[in-house]
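What follows is a set of notes on a single structure, which appears directly below.
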Amino acid sequence: MKQKVYEQLNKEIYYDTLTNGLKVFIIPKPHFNKTFLSLDVNYGSIDNTLIPADGSNPISLPAGVAHFLEHKMFDKKTYDVDSLFNHYGAEVNAFTSFTDTNYVAETTQNLKQVLNLLLNFVQVPYFDAAKVEKEKGIIEQEIKMYDDDPDALLYFKTVRNMYPHFALNQDVAGSVDSIQKITVNDLYLAHNNFYRPANMKLVIVGDVNPDEIISMIKQNQSELDLKSFNAGKAFFDLNDLRGINRLEETNLGLAQPKAALGIKGLNSMGNGQENLKNELTLELLMYILLSSHSTLNAQMYKNGIIDDSFNYEIENEHLFHFAFISGDTDYPDDFITQLKHTLLNAGQRLVGKNNELQLIKREMIGSRIMQGDSVERLALSVGDKFNGYSNLYDEIQIIQQIELVDLIDMANSFFKLDNMTVNIIK
Amino acid sequence: MDGVNLQVVNTHKFDTTTLVINLISPWEVTESASRGVLSRIMGSANADYPDQQSFTNRLAWLNGADLDTDVFRYGNTHVLRIRMEIPNNKMLANDQLLKMTIDFMASILFKPLVSGNEFNKELFDVERNNLARYLESIKDDKELYAYRRSLELYYSGQYSLAQSDVGSLADVKSLTAQKVYQTYLELLNKAQIQITVLGNVNKDIVKTEFSKWPFKQRSRQSLSLKIFDDQQKMNMDSEKQPIQQTKLSLGYSLPVYYDDELFLAAVLFNQILGGSTQSRLFQIVRERYHLAYYADSSYNSLMGTVFIQAGVNNEQLEQAENLIQKQILEIQAGQITDETLTDVKNELLNAKLSNQDVPQRMAISLFNQELLGQMNSFSVWCTKLKRVTKQQIVNVANDMKLRSKFILLGE
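If you read the sequences in order, they're chains A and B. According to my numbering, the first sequence holds residues 1 to 426 in order. According to my numbering, the second sequence holds residues 1001 to 1411 in order.
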């Protein structure tokens, strides 16, 4: 097992890759009562086309399989997953994103039992045709609930317009029509090909002894009679990432309009540390331009163009990255115009603003240090292969290295009119 | 000094240092809205940092310090709370951070942005309007609306007891910048002050800094926390609104308070009834019979009450009510399995252990202990928990009496 020490922060992380390919990360938090466990599968809603291990023809799965599969993992033949976790004094949860399915548990007792249960219930599949049919009704309700939510709609429509031909053009849960097509076989196919140890990472944060934990995990993995099934891989035609729809307006009869600006990243963010540094640079850039510190924000707030619902976020994954800025506004056109103007001129505006940058770096570092007191935040900060499995402590180190020229370069390459899409819901 | 208390707890567990100032005074209906707006003004600007940019820039300079200000009702007591969180000095190249943060809190408390004998007009207007907007939006939260109506029915005729932490919309709208300033002076000079600091800190430095604060002498007040209510009458009402789902809110008296022998039995009773996803209301009313989208209960150990909330289909209202009643009757008749008792104690233990991991919650917990005069150690608490018997829970259940019911009928 390897160890990485962060001397400045007096922290350490232990990591290892098991013989079956499972990546394990252990972050000790002395004196903490709670241990947080995250078993993350690198399989999400965009992984719809599967190339089987034997190289035979690609198989297309209906949209929403990853999310459907996540739901059905909790329904076992001889036991109820939720109840068993509760019996050990633990809580369990799961969520599916565009690229991952994450199963999380937290507990203050019975760590060994909880760890084993987490590994077992995720890695050993059981699906029943009748239960699959029943689940369709439940997930249909969930999809309709999101369809009724104008904020969720705004987000998914914007993403769809940035990637009209790529699998991001589907909601994570799929559609009412697509889930009807899902069969038991689809679930086994997806599980067999994607829920492989080599495609997973396990993160454990709490007052734990790394050697004891890694032994427990190794014992579990050797006892678990996993089929040595050769995994398949998701297939993407990278040409599909091209294209953008510039404008969409929808009328839902809302009391107040909602507007969103999507900015699609076209230049590669790189790999490993470089990727992390670019992501953090983009985060700092957005913050300096759009947070409540900024003159733009104060002005738009004062003029009633934005209110407390103003929000922005960055998505950075292996194959894509984008920014999403939204808000409720009585003046959607002004909202968009002012945002575009600020962003497209950002490179110039930032010249000479080194003091502002240093202040914001100071704030972000302090804020992240405090976030380290949450076992959950710490666990969920562990990244993926494309960013070198970085974590919160790496972020703190890298932020210190970012300078004004990095922000200006990022502004000039990321904010381009051609990359922008506007979405308004009235 | 009398009426001003500083509690410093040193721990190496957290990278966060939490500082909380609590101004404690008796609950007064005429002051609640004013204190509510005051807390928001304090979180916004003061004479040293008079606008949004200088204020937020200072927080950024304090290494991303977090600031929260609010008011809370604790039974017959009202608390205005100013809470800050900063990263530990030792991890930054800034060993002045703790001192600077205490100075910032001093600005909040002792340097209000005033002109003459009233708060700065623009500041007052923004914060008062924000609070008014928030109270107006509560009408859109149908579950909360139903709860508030059932609370008013419970304390029918006793307006003061049913009021929220920040008073009513009408109260907020009728405030003036002058009134809020008077409230500020009153609190500063007369309220009991409880300061809690939790983190990896040097106790002496903390004490030295806070002892510089220019608090005036004040007499020690005896604060009454518990709300006793001897009314026997049961009050009901209903209202129709163009909404999809009917909201039901039931108010019960449960005369067991935080310092009673049976306190933990009452907490466990509430857990079993509707206090978690393992409870009867969740597992049976929602999961098994699908008669409610949400069904839960909450126990208030300062008011001696249990309130049940449920969101049901109009057509199934009677069925849902009956099934809810059935759960109470079954507990009252002693139908609690050994497994349930063990699980629910475990749940409570886990919750307490989890809270100890959150700096914010620990700081509040320390304050609660001081306020309620309960200095039990964790192991004493654990022993008390283990000793709670099924019979005690059943006895507590049988003390419950329905006192109010409000139904917000959907279409």
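C-beta atoms are modelled at their ideal positions from N, C-alpha and C, and glycine is treated no differently. Since we're looking at a predicted model, the values are computed, not measured.
Q) Comparing the C-beta of A:Thr342 with each C-beta of chain B, is any distance below 8 Å? A) Position 342 of the first sequence, counted from the start, is the residue given in the question as residue 342 of chain A. Chain B, which has no Cβ nearer than 8 Å to the Cβ of A:Thr342, makes this no.
Q) If you drop the 5 nearest sequence neighbours on each side, which residues of the same chain put their C-beta closer than 7 Å to that of A:Asn275? A) Taking the first sequence and counting its residues from 1, the one referred to as residue 275 of chain A is at position 275. The beta carbon of A:Asn275 sits closer than 7 Å to the beta carbons of Met269, Phe386 and Asn387 from its chain, once the five residues preceding and following it are set aside; these are given in chain order.
Q) Going by Cα to Cα distance, which pick from A:Leu22, A:Lys302 and A:Asp409 is closest to B:Asp1051? A) For the purposes of this step, residue 1051 of chain B is identified with residue 51 of the second sequence, where counting begins at 1. Nearest C-alpha to B:Asp1051: A:Lys302.
Q. What residues of chain B sit near A:Val205, judged by a beta carbon separation below 7 Å?
A. What you label residue 205 of chain A is simply residue 205 of the first sequence in a count that begins at 1. Correct list: empty, because the minimum Cβ distance to chain B is about 11 Å.
Q: Tell me whether A:Glu223 is buried or exposed, calling it buried when 16 or more other Cβ atoms sit within 10 Å of its Cβ.
A: In the first sequence, counting from the first residue as 1, residue 223 of chain A sits at position 223. A residue is called buried once 16 or more other Cβ atoms fall within 10 Å of its Cβ, and A:Glu223, having fewer, is exposed.
Q: Can you grab the Cα-Cα spacing for the pair A:Met216 / A:Val114, in whole Å?
A: Locating residue 216 of chain A in the first sequence gives position 216, counting from the first residue. Locating residue 114 of chain A in the first sequence gives position 114, counting from the first residue. If I take the Cα positions, the gap works out to 11 Å.
Q: In the DSSP assignment, find the unbroken alpha helix (DSSP H) run with B:Val1396 in it and report its ends.
A: Within the second sequence, numbered from 1, the residue matching residue 1396 of chain B stands at position 396. Residues Lys1390 to Asn1398.
**Q.** Cβ shell of A:Val132 (< 6 Å), same chain only, five flanking positions each side left out
**A.** Start at 1 with the first residue of the first sequence, and residue 132 of chain A comes out as number 132. Contacts found: Val184.
**Q.** Meets three-Cβ-pair contact criterion under 8 Å: the stretch 1188-1198 of chain B and the stretch 1019-1039 of chain B
**A.** Yes, they touch.
(Q) Based on DSSP bridge pairs, tell me the residues matched to B:Arg1361. (A) Translated into the one-based positions of the second sequence, residue 1361 of chain B becomes position 361. Residue pairing from DSSP leaves B:Arg1361 without any beta-bridge partner.
Q. What's the gap between the Cα of B:Leu1067 and the Cα of B:Ser1054?
A. For the purposes of this step, residue 1067 of chain B is taken as the residue at position 67 of the second sequence. For the purposes of this step, residue 1054 of chain B is taken as the residue at position 54 of the second sequence. Cα to Cα, the separation comes out at about 14 Å.
Q) If you draw a straight line from the alpha carbon of A:Lys157 to that of A:Lys416, how long is it in whole angstroms? A) If you number the first sequence from 1, residue 157 of chain A lands on position 157. If you number the first sequence from 1, residue 416 of chain A lands on position 416. Answer to the nearest angstrom: the Cα atoms are 20 Å apart.
Q.
Suppose contacts are defined by Cβ-Cβ distances below 8 Å. Is B:Tyr1181 in contact with B:Val1114 by that definition?
A. On the second sequence, position 181 is the one that residue 1181 of chain B refers to. On the second sequence, position 114 is the one that residue 1114 of chain B refers to. Yes, Cβ-Cβ distance for B:Tyr1181 and B:Val1114 is below 8 Å.
Q: Check the C-beta distance from B:Arg1148 over to B:Gly1003 and give it rounded, since I have them as a contact under 8 Å.
A: Start at 1 with the first residue of the second sequence, and residue 1148 of chain B comes out as number 148. Start at 1 with the first residue of the second sequence, and residue 1003 of chain B comes out as number 3. Wrong, their Cβ atoms sit about 33 Å apart, outside the cutoff.
Q: Out of A:Pro125, A:Met410 and A:Lys181, point me to the one whose CA is closest to A:Val433's CA.
A: Residue 433 of chain A cannot be examined here, being either before or after the span of chain A that is shown, 1 to 426.
Q: Would you mind reading off the limits of the alpha helix (DSSP H) that contains B:Gln1332?
A: On the second sequence, position 332 is the one that residue 1332 of chain B refers to. Segment Leu1317 to Gln1332, the alpha helix (DSSP H) holding B:Gln1332.
Q. From which residue to which residue does the beta strand (DSSP E) around B:Asp1070 run?
A. Residue numbering aside, residue 1070 of chain B sits at position 70 when the second sequence is read from its first letter. In this chain, the beta strand (DSSP E) harbouring B:Asp1070 covers Asp1066 to Tyr1074.
Q: Anything in the stretch 1042-1061 of chain B with a Cβ closer than 8 Å to a Cβ of chain A? List those residues in chain order, please.
A: Cβ contacts with chain A: Gln1052, Gln1053, Thr1056, Asn1057, Leu1059, Ala1060 and Trp1061.
Q: Taking B:Leu1144 as part of the alpha helix (DSSP H), name the residues at either end of that continuous run.
A: Along the second sequence, read from residue 1 onward, the residue named residue 1144 of chain B stands at position 144. Segment Lys1142 to Tyr1154, the alpha helix (DSSP H) holding B:Leu1144.
Q.
Is the separation between the beta-carbon of B:Leu1302 and that of B:Gly1116 shorter than 8 Å?
A. Translated into the one-based positions of the second sequence, residue 1302 of chain B becomes position 302. Translated into the one-based positions of the second sequence, residue 1116 of chain B becomes position 116. Here B:Leu1302 is not near B:Gly1116, since their CB atoms are 8 Å or more apart.
Q) Can you pull the DSSP bridge partners for A:Phe322? A) What you label residue 322 of chain A is simply residue 322 of the first sequence in a count that begins at 1. Bridge partners of A:Phe322: A:Lys264 and A:Glu315.
**Q.** Coarse secondary structure for B:Leu1409, derived from DSSP in three states
**A.** To locate residue 1409 of chain B, count along the second sequence from 1; it is residue 409. DSSP, reduced to helix, strand and coil, places B:Leu1409 within a strand of the structure shown.
Q: Run the CB neighbour count on B:Tyr1289, radius 10 Å, all protein chains shown included, and call it buried at 16 or more, exposed below.
A: For this step, residue 1289 of chain B is matched to residue 289 along the second sequence. It counts as exposed.
**Q.** Chain-ordered chain B contacts of A:Arg160 [CB-CB under 8 Å]
**A.** If you number the first sequence from 1, residue 160 of chain A lands on position 160. Those within 8 Å of A:Arg160 in chain B number zero; the least Cβ separation is about 28 Å.
Q) From B:Glu1085, B:Ala1065 and B:Leu1262, pick the residue whose C-alpha is nearest to that of A:Leu359; which is it? A) If you number the first sequence from 1, residue 359 of chain A lands on position 359. Closest by alpha carbon: B:Ala1065.
(Q) Between the alpha carbons of A:Pro150 and A:Tyr6, how many angstroms are there, rounded? (A) Locating residue 150 of chain A in the first sequence gives position 150, where the first residue counts as 1. Locating residue 6 of chain A in the first sequence gives position 6, where the first residue counts as 1. CA-CA distance, A:Pro150 to A:Tyr6, rounds to 43 Å.
Q. So, does the CB of B:Glu1287 fall closer than 8 Å to a CB anywhere in chain A?
A. If you number the second sequence from 1, residue 1287 of chain B lands on position 287. Taking Cβ atoms only, chain A never reaches closer than 8 Å to B:Glu1287, which makes this a no.
Q) Can you list, in chain order, the residues of the stretch 1368-1390 of chain B whose Cβ is nearer than 7 Å to any Cβ on chain A? A) So nothing in the stretch comes that close.
Q: Find the residues of chain B that neighbour A:Gln109, judging by a C-beta separation of less than 9 Å, and give them in chain order.
A: What you label residue 109 of chain A is simply residue 109 of the first sequence in a count that begins at 1. Asn1346, Leu1349, Asn1350 and Leu1353, listed in chain order.
Q. At a cut of 8 Å, does the stretch 1338-1349 of chain B reach the stretch 1096-1113 of chain B through at least three beta carbon pairs?
A. They do not touch, by the three-pair rule.
(Q) When you compare the CB of A:Glu363 with every CB in chain B, is at least one pair closer than 8 Å? (A) Translated into positions along the first sequence, residue 363 of chain A becomes position 363. So, interface residue.
Q | Any chain A beta carbon closer than 8 Å to B:Pro1255 | A | Taking the first residue of the second sequence as position 1, residue 1255 of chain B is located at position 255. For B:Pro1255, the answer is no, since every Cβ of chain A falls outside 8 Å of its Cβ.
Q) A:Met430 versus chain B: which residues are under 8 Å apart at the beta carbon? A) No statement about residue 430 of chain A is possible, as the shown extent of chain A runs from 1 to 426 and does not include it.
Q. Quick one, are the C-beta atoms of B:Phe1104 and B:Arg1058 less than 8 Å apart?
A. Here residue 1104 of chain B refers to the residue found at position 104 of the second sequence. Here residue 1058 of chain B refers to the residue found at position 58 of the second sequence. In contact: B:Phe1104 and B:Arg1058 (Cβ atoms closer than 8 Å).
Q: Figure out for me which residue from A:His321, A:Leu319, A:Ile46 and A:Ser326 has the closest Cα to the Cα of A:Asn311.
A: Within the first sequence, residue 311 of chain A is the residue found at index 311, counting from 1. With distances taken between Cα atoms, A:Asn311 lies closest to A:Ser326.
Q: Could you round the C-beta distance between B:Ala1045 and B:Leu1123 to whole angstroms and report it? I think they count as a contact, below 8 Å.
A: Within the second sequence, residue 1045 of chain B is the residue found at index 45, counting from 1. Within the second sequence, residue 1123 of chain B is the residue found at index 123, counting from 1. Right, the Cβ-Cβ distance comes to about 5 Å (below 8 Å), so this counts as a contact.
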